[in-house]
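Mapping of the sequence shown onto my numbering: residues 516 to 922, in sequence order.
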Amino acid sequence: MRPEEFMQIFAETAYVRTGGSPEERRCAEYIAQRCRAYGQTAIEPFAVDMADISRASLTVDGREVSCKGYLCAGSGQVQAPFLYLPNTDACSLAECRGKIVMVDGYLGYWLYQDLLENGAVGFVTYSGDANYTDWEIDQRELRSYVSQGRTIPGVNINAKTAIELIRSGAKNGQIVLEQEQYQGQSQNVVLELPGLRQEYILFTAHYDSTSLSQGAYDNMSGSAGLLAMAEHFSRAPHRYGLRFVWCGSEERGLLGSKAYAAAHEQQLKDCALCINLDMIGSVMGKFIACVTGEEKLVHYIGYMASELGFGIEPRQGVYSSDSTPLADKGVPAVSFARLASHNTATIHNSYDTAALLRGEQMQADTAFITAFAERMANAVRCPVGREMPENMKEKLDYYLNRKREKK
Ligand SMILES: [Zn+2]
């Protein structure tokens, strides 16, 4: 695919497309439309939690503060002392009882369990950047695997607002949240290019975005890379079957790849390798490969890149993307990404546009991943060991909240 064609795809998908929204569906149809030129294409739907918020407010010491309510955090009203919780040691957590608690960063699974166990009655998170001029607020959700049905009302505010609240000595808060929750639908786009044998290689990239973002870099870049690879392999012969999956609702907790893994569990025993693309082609940044599988593959990719003169930092680990649910089912996986430093490219906000990307870099990154995929796809036998190493199993347990890492 030529550099201009990549940029054309970004221009045609320059809209917000959160998981389960009509815009996400529109983008799925756009991808499926392009795929039909390459082979048998299907849109596979799956159920996702949805909510319409009719009222969300945060009042601190009598002053209403700009906020967005958490989706799927139930409806309710709480009035309580306000507490900022910068540390999460047992001593700090003990202060939460009966309070509305503001935390730093994402509200992850273990922190939410800590808040509930320590008696918090409401929560506040903040997003954005205190050094940016905008006052945008990301639309967050309380994921069902985080809440496990135990909800308390919560809101998200801008980072600058959070600073103001603490500076002014916030004492009492009130959260009002009203919403209707229901089941909606997200979808994966699946393209099959049969090979000479039953075993196949799986390619994944998510095409959804977060609430403020056009998601050009994260991750129409990987989705476009996958389209270029599908185009390439639709013309080139290959021994292994190839399945391309453009995953929906990745930003909502890898829901598309989880749905794919669940719906195709029986076929996964024939899957030799999962190759995932999440964020490539950026103007700035270094190229990495993250292997959730045997260490030999890390070395193989490093040697191959050196042979081709392509700069890379390969490592073993668990990447926060659609490769992980597949790896958790025992499929060796590798994620490729070009990671820019935060002062040259930022994601999950309105600054993630095509301006972060370069057509020539898209072409170069895709060419390298294609060269690697081509070797695997035409191997007499794909050399990657099917056994998931113990250290990776442990990392998956941590990532998927089955085990808690000691602080
Ligand atoms: Zn992503």
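Just so it is clear, CB atoms sit at the ideal spot from N, CA and C, and this is done for glycine as well.
- [ ] Say whether the segment 571-586 touches the segment 680-693, bearing in mind that this needs 3 or more beta-carbon pairs closer than 8 Å, one atom from each stretch.
- [x] yes
- [ ] Check whether the Cβ atoms of Thr881 and Ala777 lie closer than 7 Å to each other.
- [x] The residue you call residue 881 lines up with position 366 of the sequence shown. The residue you call residue 777 lines up with position 262 of the sequence shown. Taking 7 Å as the Cβ cut-off, Thr881 and Ala777 do not qualify as a contacting pair.
Task: Environment of ligand 1 in chain order, Cβ to heavy atom below 5 Å - done: Asp733, Asn734, Asp793
Task: contact_flag[the segment 553-568, the segment 616-625] where n(CB pairs < 8 Å) is 3 or more - done: no
- [ ] In angstroms with no decimal places, state the Cα-to-Cα distance between Arg658 and Val895.
- [x] Start at 1 with the first residue of the sequence shown, and residue 658 comes out as number 143. Start at 1 with the first residue of the sequence shown, and residue 895 comes out as number 380. Using only the alpha carbons, I get a separation of about 43 Å.
- [ ] Please go through the same chain and pick out, in chain order, the residues whose beta-carbon is closer than 6 Å to the beta-carbon of Ile568, but skip the five residues on each side of it.
- [x] In the sequence shown, counting from the first residue as 1, residue 568 sits at position 53. Hits under 6 Å: Gly584, Gln694.
Open item on the list: Quick check on the DSSP output: the beta strand (DSSP E) that includes Glu707 runs from which residue to which?
Closed with: Within the sequence shown, numbered from 1, the residue matching residue 707 stands at position 192. Looking at the DSSP string, the run of the beta strand (DSSP E) that includes Glu707 is 687-708.
Open item on the list: Based on DSSP bridge pairs, tell me the residues matched to Glu579.
Closed with: Along the sequence shown, read from residue 1 onward, the residue named residue 579 stands at position 64. Answer by DSSP bridge pairing, in chain order: Thr574.
Task: Simplified DSSP state of Leu786, which is helix, strand or coil - done: Stepping through the sequence shown from its first residue, residue 786 is reached at position 271. Looking at the sequence itself, residue 786 is Cys, so the reference to Leu does not match. Three-state DSSP puts Cys786 in a strand.
- [ ] In the DSSP assignment, find the unbroken beta strand (DSSP E) run with Lys844 in it and report its ends.
- [x] By one-based count along the sequence shown, residue 844 stands at place 329. Looking at the DSSP string, Lys844 is not in any beta strand (DSSP E), and its letter there is neither H nor E.
Task: Contacts around Ser836, its chain only, beta-carbon distance under 6 Å, and the 5 residues preceding and following it disregarded - done: As a working mapping, residue 836 is identified with position 321 in the sequence shown. Only Asn791, Asp793, Ser850 meet the Cβ criterion.
Open item on the list: My assumption, with CB atoms under 8 Å, is that Pro840 sits in contact with Leu783. Please give the rounded CB distance.
Closed with: For the purposes of this step, residue 840 is taken as residue 325 along the sequence shown, with counting starting at 1. For the purposes of this step, residue 783 is taken as residue 268 along the sequence shown, with counting starting at 1. 10 Å between Cβ atoms; not a contact.
Task: Close beta carbons around Arg873, own chain, < 6 Å, minus the five adjacent residues each side - done: To locate residue 873, count along the sequence shown from 1; it is residue 358. For Arg873, where only same-chain residues beyond five positions count, the Cβ hits under 6 Å are Val798.
TODO: Could you check the C-alpha separation between Asp867 and Lys675 for me, to the nearest Å?
DONE: Taking the first residue of the sequence shown as 1, we reach residue 867 at position 352. Taking the first residue of the sequence shown as 1, we reach residue 675 at position 160. Each residue's alpha carbon lies about 20 Å from the other.
Open item on the list: So the candidates are Ala605, Ser865, Phe718, Gly817; which of them puts its Cα closest to the Cα of Ala529?
Closed with: Numbered from its first residue, the sequence shown carries residue 529 at position 14. It is Ser865.
- [ ] Closer than 8 Å by C-beta to Ser662: which residues in its own chain qualify, once you throw out the five before and the five after it? Chain order, please.
- [x] Position 147 of the sequence shown, counted from the start, is the residue given in the question as residue 662. If we look at Ser662 and ignore the five residues flanking it on each side, its Cβ neighbours are Cys587, Ala588, Tyr627.
Task: Spatial distance of Phe887 from Gly817 (CA atoms) - done: On the sequence shown, position 372 is the one that residue 887 refers to. On the sequence shown, position 302 is the one that residue 817 refers to. Straight-line Cα distance between these residues: approximately 11 Å.
Open item on the list: Suppose contacts are defined by Cβ-Cβ distances below 7 Å. Is Arg532 in contact with Ser724 by that definition?
Closed with: Translated into the one-based positions of the sequence shown, residue 532 becomes position 17. Translated into the one-based positions of the sequence shown, residue 724 becomes position 209. Yes, Cβ-Cβ distance for Arg532 and Ser724 is below 7 Å.
Task: Residue interval of the beta strand (DSSP E) (run including Leu470) - done: A question about residue 470 goes unanswered here, because the residues of the chain that appear run from 516 up to 922.
TODO: Report all residues from its chain with a CB closer than 8 Å to the CB of Arg712; omit the five preceding and five following residues, and keep chain order.
DONE: Along the sequence shown, one-based indexing puts residue 712 at 197. Contacts found: Arg754, Tyr755, Gly756.
TODO: At 4 residues or longer, and completely inside the segment 652-676: list those alpha helix (DSSP H) runs for me, N to C.
DONE: 659-662
Open item on the list: Along the chain, where does the beta strand (DSSP E) containing Gln548 start, and where does it finish?
Closed with: For the purposes of this step, residue 548 is taken as residue 33 along the sequence shown, with counting starting at 1. No beta strand (DSSP E) contains Gln548, which is instead part of the alpha helix (DSSP H) from 537-550.
Task: Residue span of the beta strand (DSSP E) that contains Ala743, given as start and end - done: Against the sequence shown, residue 743 aligns to sequence position 228. Here Ala743 belongs to no beta strand (DSSP E); instead the alpha helix (DSSP H) covers 736-750.
Open item on the list: So the candidates are Arg830, Leu915, Arg853, Ala787; which of them puts its Cα closest to the Cα of Asn893?
Closed with: Along the sequence shown, read from residue 1 onward, the residue named residue 893 stands at position 378. Answer by Cα proximity: Ala787.
- [ ] Indicate the three-state DSSP secondary structure (helix, strand or coil) for Gln831 in the structure shown.
- [x] Position 316 of the sequence shown, counted from the first residue, corresponds to residue 831. Reduced to three states, the DSSP call for Gln831 is strand.
Open item on the list: Tell me whether Phe887, by its Cβ, gets closer than 6 Å to a heavy atom of ligand 2.
Closed with: Ligand 2 is absent from the structure shown, which contains only ligand 1.
Open item on the list: Applying the 10 Å Cβ sphere with the 16-neighbour rule, what's the burial state of Ile681?
Closed with: Taking the first residue of the sequence shown as 1, we reach residue 681 at position 166. It counts as exposed.
TODO: Between the Cα of Ala547 and those of Gln702, Gly534, Lys614, Trp650, spot the shortest distance and give me the residue it belongs to.
DONE: Mapped onto the sequence shown, residue 547 falls at position 32. Answer by Cα proximity: Gln702.
Task: Supposed close pair Met903, Tyr697 - CB separation, criterion 8 Å - done: The residue labelled residue 903 in the question sits at position 388 within the sequence shown. The residue labelled residue 697 in the question sits at position 182 within the sequence shown. About 37 Å separates the two Cβ atoms, so there is no contact after all.
TODO: Return the chain-ordered ranges of every beta strand (DSSP E) run that is complete within the segment 793-833 and spans a minimum of 3 residues.
DONE: 801-807, 828-831
Open item on the list: Rounding to the nearest angstrom, what Cα-Cα distance links Lys773 and Arg890 in this structure?
Closed with: Taking the sequence shown and counting its residues from 1, the one referred to as residue 773 is at position 258. Taking the sequence shown and counting its residues from 1, the one referred to as residue 890 is at position 375. Going by the C-alpha atoms only, they are around 27 Å apart.
Task: Rounded separation between Pro596 and Gly613 - CA only - done: Your numbering for residue 596 matches position 81 in the sequence shown. Your numbering for residue 613 matches position 98 in the sequence shown. One C-alpha to the other measures close to 7 Å.
- [ ] Kindly identify the DSSP beta-bridge partner or partners of Asp567.
- [x] Position 52 of the sequence shown, counted from the first residue, corresponds to residue 567. Bridge partners of Asp567: Glu695.
- [ ] Confirm, please, whether the CB-CB distance from Arg758 to Glu707 is below 7 Å.
- [x] In the sequence shown, residue 707 corresponds to position 192, counting from 1. In the sequence shown, residue 758 corresponds to position 243, counting from 1. Their beta carbons are under 7 Å apart, which means Glu707 touches Arg758 by this criterion.
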